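Positions 296 to 957 (the working numbering) are the ones given, in order, by the sequence shown.
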Amino acid sequence: MADDRISLCLIVKDEERHLPRCLGSARDVVDEVVVVDTGSTDRTVEIAASFGARVFHRPWTGDFAAARNAALDQATGDWVLLLDADDELSPEARTALRELTAGAGPEVNGYGFLIASWIGRNPGGHLATVLHPRLWRNRRGYRYHGVIHEWIDIGPLVFTGLKIYHHGYLTDDEVKRKKSDRNLGLLRQELGKTPDSPLLLAQMGAEHLRLGRLPAAVVWYRRSWARDKTHFVADTLALCLLKLRRHREAAALLEEALPLWPDFTDLHYRYGYARLALGDLTGAKAALERCLTLGTPPPQYPTMEGYAGFMAWLQLGHVEAGLHNWEAAVRACWEALTLRPDYPQPIELLTRALVAWAGPEGALCIVREQMELDGAAVRAIARAFAGWGCWPEALAMLEPLAMLEPLAMPEHRREDDELRAECLLALGETEAASRLNLPPATRCLIAWLRGDPTEAAAILKRPRTRRFLRCFHEHLTPTPADAPGLLNLTEKLLVVGRPDLADQAIALLDSLAAAETPAVPGALGRLLLRYGQPERAGPYLETALATWGRRRRELPLTGGDQGDLLHDLGEACLRTGHCAAAAETFRRLLRRAPHRLPAYLALAEAALRQAATLLPAESAMATLPLAEAMHLERRRTQPLYDRQERGGQPGPGPGEPPGRCR
Numbered sequence: 296m297a298d299d300r301i302s303l304c305l306i307v308k309d310e311e312r313h314l315p316r317c318l319g320s321a322r323d324v325v326d327e328v329v330v331v332d333t334g335s336t337d338r339t340v341e342i343a344a345s346f347g348a349r350v351f352h353r354p355w356t357g358d359f360a361a362a363r364n365a366a367l368d369q370a371t372g373d374w375v376l377l378l379d380a381d382d383e384l385s386p387e388a389r390t391a392l393r394e395l396t397a398g399a400g401p402e403v404n405g406y407g408f409l410i411a412s413w414i415g416r417n418p419g420g421h422l423a424t425v426l427h428p429r430l431w432r433n434r435r436g437y438r439y440h441g442v443i444h445e446w447i448d449i450g451p452l453v454f455t456g457l458k459i460y461h462h463g464y465l466t467d468d469e470v471k472r473k474k475s476d477r478n479l480g481l482l483r484q485e486l487g488k489t490p491d492s493p494l495l496l497a498q499m500g501a502e503h504l505r506l507g508r509l510p511a512a513v514v515w516y517r518r519s520w521a522r523d524k525t526h527f528v529a530d531t532l533a534l535c536l537l538k539l540r541r542h543r544e545a546a547a548l549l550e551e552a553l554p555l556w557p558d559f560t561d562l563h564y565r566y567g568y569a570r571l572a573l574g575d576l577t578g579a580k581a582a583l584e585r586c587l588t589l590g591t592p593p594p595q596y597p598t599m600e601g602y603a604g605f606m607a608w609l610q611l612g613h614v615e616a617g618l619h620n621w622e623a624a625v626r627a628c629w630e631a632l633t634l635r636p637d638y639p640q641p642i643e644l645l646t647r648a649l650v651a652w653a654g655p656e657g658a659l660c661i662v663r664e665q666m667e668l669d670g671a672a673v674r675a676i677a678r679a680f681a682g683w684g685c686w687p688e689a690l691a692m693l694e695p696l697a698m699l700e701p702l703a704m705p706e707h708r709r710e711d712d713e714l715r716a717e718c719l720l721a722l723g724e725t726e727a728a729s730r731l732n733l734p735p736a737t738r739c740l741i742a743w744l745r746g747d748p749t750e751a752a753a754i755l756k757r758p759r760t761r762r763f764l765r766c767f768h769e770h771l772t773p774t775p776a777d778a779p780g781l782l783n784l785t786e787k788l789l790v791v792g793r794p795d796l797a798d799q800a801i802a803l804l805d806s807l808a809a810a811e812t813p814a815v816p817g818a819l820g821r822l823l824l825r826y827g828q829p830e831r832a833g834p835y836l837e838t839a840l841a842t843w844g845r846r847r848r849e850l851p852l853t854g855g856d857q858g859d860l861l862h863d864l865g866e867a868c869l870r871t872g873h874c875a876a877a878a879e880t881f882r883r884l885l886r887r888a889p890h891r892l893p894a895y896l897a898l899a900e901a902a903l904r905q906a907a908t909l910l911p912a913e914s915a916m917a918t919l920p921l922a923e924a925m926h927l928e929r930r931r932t933q934p935l936y937d938r939q940e941r942g943g944q945p946g947p948g949p950g951e952p953p954g955r956c957r
């Protein structure tokens with residue numbers, strides 16, 4: 296009925312940060328506000344009263360359902376709207392609320408809303424949505440159940456498609472930890488009563504996932520999955536396995552789940568991601584195209600916005616790039632940017648695909664003519680051009696920034712000048728770079744490149760200069776704390792074409808390696824291999840493997856693991872013609888990590904090249920085309936594997952431009 300009254304009900308405790316936004320979003324569309332406070336010590340009660348709320352005090356008993364029901368007991372309206380303090384009605388929901396209650400027939404008991412949770416650090420990023428009852432007729436029989444993760448049964452819901460934004464996941468880590476610790480305590484109590492409850496087991500997994508304890512989350516989710524197969528557990532368990540890079544396990548789980556819920560788009564997305572990580576480009580492409588065909592899943596499924604749209608297009612772009620279908624990769628990235636213009640991730644892949652498809656100059660023309668560019672997009676594209684060694688195009692992209700952003704923030708101007716300096720140094724234009732407004736570390740590098748040690752020394756003696764640069768003063772020697780900076784400087788010198796000066800930095804790194812700093816040989820060996828010096832890289836990589844500790848899981852300074860060291864050592868042996876040593880190294884790697892597709896291809900190439908040295912000349916010629924084919928296949932596969940398995944952008948392969956210095 297048109298004159299039906301709506302009661303907004305909340306339970307709160309120390310919510311002064313969120314409560315004004317929540318109550319402000321519902322101020323003009325509800326007739327009363329009922330707030331049950333469970334022991335706030337901040338301004339929560341005062342804020343609620345300022346919005347005209349009826350505030351009731353109830354001691355916290357560790358029972359969420361009891362607290363919610365206490366609020367429902369005080370509601371006098373014909374309808375109940377339930378919100379959490381960190382919720383916010385969307386503008387569409389505010390507009391439609393009265394229409395929903397006025398137009399409800401007697402068969403309508405309540406409405407379902409999409410609870411859209413911001414994921415990340417700030418609103419405006421990814422949204423995870425799940426269907427919840429939030430508006431229903433005020434009847435005595437509609438009450439909550441469950442001490443934790445409480446639920447209410449009001450019969451079939453009418454799905455509105457309207458959103459309520461949830462800001463709770465944007466809180467700082469300390470607040471999240473306290474809430475999860477509280478929830479874990481309550482869940483343990485409930486599990487003591489019903490230890491085999493699939494719902495409670497899944498909720499334990501969810502709390503560990505929020506805390507970032509992924510291995511523990513997998514254990515709890517697997518226990519829940521073994522007792523009752525639900526789409527929510529399949530989705531979140533697959534997410535945990537993918538975050539842990541256990542891609543084969545994730546793929547097996549999803550192959551079991553997809554026949555049960557073939558219309559759940561998110562499962563297809565995760566399966567495509569898993570197949571992509573495993574090097575199965577055909578399977579990944581089929582799964583991602585299925586996402587785009589299905590679209591947004593039915594409302595009974597929790598979903599991440601974008602899996603049926605821009606994120607699926609982005610992953611499809613990675614697949615097409617892996618297949619060297621550059622035009623298709625460009626189209627996929629363009630679709631992703633069209634659907635979500637503020638999503639920056641496709642820009643680097645789009646730039647790379649355009650460079651491969653149309654050449655650097657052609658890519659620059661396409662970007663300028665067909666993209667609407669703001670300052671952030673210009674910077675992202677310029678960084679992408681620089682990352683692929685297209686220095687003139689990167690400089691050309693930066694030219695219009697002064698017009699686009701005449702009042703740019705000082706930190707943005709500094710970033711722009713640093714990128715300009717990097718491009719100019721790579722092009723050998725040291726004098727032009729020296730005229731830019733740069734931080735002391737970069738000015739010291741330029742002075743050193745110009746052969747002016749007096750100026751470099753003067754900069755080094757100034758306060759607030761980055762510590763690692765001081766080690767170039769003749770009276771100082773490097774310490775282990777200087778290693779990251781020295782590696783960064785070595786890479787910059789290799790990028791700008793000054794291997795003679797890079798050798799001086801490497802000599803300082805050698806002194807650290809001699810001082811038994813085990814992280815240095817591995818990082819230096821991988822750096823030299825990346826920039827085309829495999830004969831020098833090999834001994835460093837062997838030293839790093841010899842000092843590898845059994846308990847060390849990740850390589851210091853560079854990331855990765857022992858398998859990555861073995862792969863790089865095999866690559867160094869292969870590039871220097873030591874095919875037998877390369878084959879044995881790749882065999883060691885495969886015994887340790889049999890899932891690494893690029894290692895099989897590398898082993899095949901090593902075996903073919905070794906055979907060519909053993910066979911008569913006329914027979915050896917027949918093996919060389921096969922070896923070259925394997926080499927090309929590795930160039931195609933390895934960057935794809937790097938990006939998915941190591942969680943970062945791939946380093947350049949042989950003949951590819953170097954990546955931008957970090």
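No residue lacks a Cβ here, since even glycine has one placed at the ideal position from N, Cα and C. Here the structure is a predicted model, which means the values were calculated and not measured.
Beta bridge counterpart(s) of residue i as assigned by DSSP
i, result
"Asp382", "His461"
"Pro428", "Gly407"
"Tyr439", "Ile447"
"Ser302", "Glu327, Val375"
"Arg349", "Val329"
"Ser412", "Ala423, His461"
"Phe454", "Gly407"
"Val662", "Answer is none; Val662 lacks a bridge partner."
"Val294", "Outside the shown range of the chain (296 to 957) lies residue 294, about which nothing can therefore be said."
"Met599", "Ala423"
Counted within 10 angstroms of its Cβ, other Cβ atoms place residue i as buried (16 or more) or exposed
i, result
"Ser729", "buried"
"Glu667", "exposed"
"Pro641", "buried"
"Glu769", "The predicted model places Glu769 with a pLDDT of 42, which falls under 50 and marks its position as unreliable, so this point remains unresolved."
"Asn478", "buried"
"Ala497", "buried"
"Lys787", "buried"
"Pro1040", "Coverage of the chain is limited to positions 296 through 957, which leaves residue 1040 absent and any answer about it impossible."
"Asp863", "buried"
"Ile447", "buried"
"Glu866", "buried"
"Gln484", "exposed"
"Asp414", "Position check: residue 414 holds Ile in this sequence, whereas Asp was assumed. Exposed."
"Met599", "buried"
"His542", "buried"
Cβ neighbours of residue i in the same chain (closer than 6 Å, five flanking residues each side left out)
i, result
"Cys874", "Ala901, Arg904, Gln905"
"Ala370", "Ser302, Cys304, Val329, Asn433"
"Arg957", "Its pLDDT being 28, under 50, Arg957 is placed unreliably in this model, and the coordinates cannot settle the point."
"Leu690", "Cys718"
"Asp358", "Val442"
Nearest candidate by alpha-carbon position, reference residue i, set the options
i, options, result
"Asp523", "Leu318, Asp491, Glu726, Leu864", "Asp491"
"Ala651", "Ala677, Trp621, Pro641", "Trp621"
"Gly657", "Ala675, Arg678, Leu632, Cys685", "Cys685"
"Asp368", "Val350, Val425, Asp379", "Val350"
"Thr633", "Val614, Cys660, Gly604", "Gly604"
"Ala797", "Gly833, Leu744, Ala841, Val815", "Leu744"
"His613", "Leu549, Leu583, Arg709, Arg540", "Leu583"
"Ala681", "Arg709, Ala721, His707", "Ala721"
"Leu731", "Asp337, Glu713, Leu804, Ala800", "Glu713"
"Gly566", "Glu600, Pro594, Gln610, Gly590", "Note that residue 566 is Tyr in the sequence shown here, rather than Gly. The residue with the shortest Cα to Cα distance from Tyr566 is Gln610."
"Ile348", "Ala360, Pro354, Leu861, Asp323", "Sequence check: residue 348 is Ala here, not Ile. Among Ala360, Pro354, Leu861, Asp323, the Cα nearest to that of Ala348 is on Asp323."
"Gly578", "Tyr564, Thr591, Leu589", "Tyr564"
Residues near residue i in its chain [Cβ-Cβ closer than 8 Å; skip 5 each side]
i, result
"Ala391", "Thr455, Leu457"
"Thr785", "Ala797, Ala800, Ile801, Leu804, Leu819, Leu822"
Cβ neighbours of residue i in the same chain (closer than 7 Å, five flanking residues each side left out)
i, result
"Ile410", "Thr424, Val425, His427, Ile459, His461"
"Ser385", "Leu457, Lys458, Ile459, Tyr460"
"Ala677", "Ala689, Met692, Leu693, Leu714"
**Message:** For a minimum of 4 consecutive residues, which ranges assigned as the alpha helix (DSSP H) are wholly contained in the segment 610-660?
**Reply:** 621-634
**Prompt:** Can you list the alpha helix (DSSP H) stretches of 4 or more residues lying completely in the segment 517-577, in chain order?
**Reply:** 526-538, 542-552, 560-572
**Asked** Residue ranges of each beta strand (DSSP E) run of no fewer than 3 residues wholly in the segment 701-744, ordered along the chain?
**Response** none
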